[in-house]
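Per full-length UniProt numbering, the very first residue in the sequence shown carries number 1; after that it's consecutive. C-beta: ideal position from N, C-alpha, C; glycine also. A short write-up of the structure that comes next.
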Amino acid sequence: MLTLCGFAVSNYYNKVKLALLEKGIPFNEELVMTGSKDDAVLAATPLGKVPFLRTDGGTLCESQVMVDYLEAAYPAHPLVPADPLAAAKVRELCTFIDLHLELVARELYAQAFFGGTVPQETQDRVRKQLTKNIAGFQRLAKFGPYVAGDSFGLADCAAYVSLPLVALATKKVLGEDLLAAAGIDWKAYAGLIAQRPSAQKVDADKKADAARMAAAAKAG
Ligand SMILES: N[C@@H](CCC(=O)N[C@@H](CS)C(=O)NCC(=O)O)C(=O)O
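In C-alpha cells:
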C-alpha cells in the first residue's frame with residue numbers, strides 16, 4: 001500500500017494526491033511537516049521537504065518523480081498520452097510550472113502568506129523573472145480547456161495546485177496578479193478543475209489542514 005507523507009496545505013503534496021485520486025490508486029496519508037530532523041524522514045526526503053511517498057519497495061521524494069512512478073506502476077486511468085513524445089510534452093508543462101513559475105513565485109511566499117517581508121530587490125527580481133517565464137509558459141500551455149489540451153492529465157495536477165499560488169503571491173506582494181495581467185484566466189481554469197471529485201477532496205482536506213495549522217499556531 002502507498003502512503004503519501006506530508007500535509008494537505010502543501011501544493012506539491014496535493015499535486016501527487018490529485019494524481020493518486022484521479023488514477024483511483026488506494027493510498028494512506030501520513031502527517032509529516034517540513035524541516036524534520038528525524039533520521040527516518042531524512043532518509044526518505046534528504047532536504048526535509050514534503051511530500052514523499054512510501055511504497056512497499058522503498059521511498060521516493062520529489063513530486064514529479066512520484067507521479068511519474070505512479071504512471072509507470074499503475075497504468076490504468078492514464079494521466080499522460082500513450083505516445084512517448086506527447087507524454088513528454090505533458091511532463092514538459094509540469095516541469096515548466098514547477099520550476100519556472102512556482103519556484104520563482106515561492107520567493108514571495110514569506111510575505112504573501114506568512115507575515116514576513118521580502119526585500120524590494122528580491123521583489124523586483126521575481127517580477128522580472130516571472131514576467132519572462134509566464135510569457136514562456138503561454139507558448140506551451142493550451143488551456144483547451146485543460147492546460148495541456150483537451151483532456152485532464154498530469155499537467156493539470158501541477159497547474160491546479162500552483163497557478164493560484166503564483167497569482168495570489170504576486171497580487172499580494174507585487175500589487176499585481178502577474179498571471180491575470182498576462183491574460184491567463186486562471187480563475188476560470190481553476191473553477192473547471194474544482195468541479196472534479198478529486199479536486200473537491202483535495203480542497204476539503206486542505207481547508208481542514210489549514211484550520212489545524214492555525215489552531216496549532218495559536219496554541220504556540
Ligand atoms: N521539488 C519539490 C518541492 C517540494 C517543496 O518545496 N515542498 C515544500 C512544501 S509545499 C517544502 O517542503 N518546503 C520546505 C523546504 O523547502 O524546506 C517537489 O516537487 O516535491
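Quiz item: Can you pull the DSSP bridge partners for Thr59?
Solution: By 1-based counting over the sequence shown, the position of residue 59 is 59. Per DSSP, Arg54.
Quiz item: With a Cβ-Cβ cutoff of 8 Å, do Val50 and Met213 count as a contact?
Solution: The sequence position of residue 50 within the sequence shown is 50, counting from 1. The sequence position of residue 213 within the sequence shown is 213, counting from 1. Not a contact, by the Cβ cut-off of 8 Å.
Quiz item: My guess is that Cys61 and Ala158 are in contact by the Cβ rule of under 8 Å, so how many angstroms apart are they, rounded?
Solution: Stepping through the sequence shown from its first residue, residue 61 is reached at position 61. Stepping through the sequence shown from its first residue, residue 158 is reached at position 158. Not quite, the Cβ-Cβ distance comes to about 16 Å (not below 8 Å), so this is no contact.
Exercise. Identify which residue in Gly115, Ala110, Phe114 has its Cα closest to the Cα of Thr122.
Key: Taking the first residue of the sequence shown as 1, we reach residue 122 at position 122. Comparing Cα positions, the closest option is Ala110.
Self-check item: DSSP bridge partner residues for Gly6 (one or two, in chain order)
Solution: What you label residue 6 is simply residue 6 of the sequence shown in a count that begins at 1. For Gly6, which the question treats as bridged, DSSP gives the partners Leu31.
Exercise. Tell me whether Tyr146 sits in a helix, a strand or coil according to DSSP, three-state version.
Key: For the purposes of this step, residue 146 is identified with residue 146 of the sequence shown, where counting begins at 1. The answer is strand: DSSP assigns Tyr146 an E or B state.
Self-check item: When Glu22, Pro78, Asp39 are compared against Gln200, the one with the closest alpha-carbon
Solution: Counting from 1 along the sequence shown, the entry for residue 200 is found at position 200. Nearest C-alpha to Gln200: Glu22.
Quiz item: So, Lys15 versus Val67, is the Cβ gap smaller than 8 Å?
Solution: Taking the first residue of the sequence shown as 1, we reach residue 15 at position 15. Taking the first residue of the sequence shown as 1, we reach residue 67 at position 67. Contact flag set, yes.
Quiz item: Alpha carbon to alpha carbon, how far is residue 222 from Val104?
Solution: Past the edges of the chain, shown from 1 to 220, lies residue 222, and the structure says nothing about it.
Quiz item: Can you tell which of Leu108, Val161, Val166 has its C-alpha closest to the C-alpha of Asp198?
Solution: If you number the sequence shown from 1, residue 198 lands on position 198. In the sequence on display, residue 198 carries Ser and not Asp. Ranking Leu108, Val161, Val166 by Cα distance to Ser198 puts Val161 first.
Quiz prompt | Among Gly116, Phe7, Met1, nearest to Ala209 - alpha-carbon criterion | solution = Here residue 209 refers to the residue found at position 209 of the sequence shown. One detail in the question is off: residue 209 reads as Asp in this sequence, not Ala. Answer by Cα proximity: Phe7.
Quiz item: Is the beta carbon of Asn28 within less than 7 Å of some heavy atom of ligand 1?
Solution: Counted from its first residue, the sequence shown places residue 28 at position 28. Incorrect: Asn28 has no Cβ contact closer than 7 Å to ligand 1.
Quiz item: Going straight from the alpha carbon of Leu2 to that of Thr55, what length do you get?
Solution: As a first step, residue 2 is located in the sequence shown; it is residue number 2 there, counting from the start. As a first step, residue 55 is located in the sequence shown; it is residue number 55 there, counting from the start. If you take the alpha carbons of Leu2 and Thr55, they lie about 5 Å apart.
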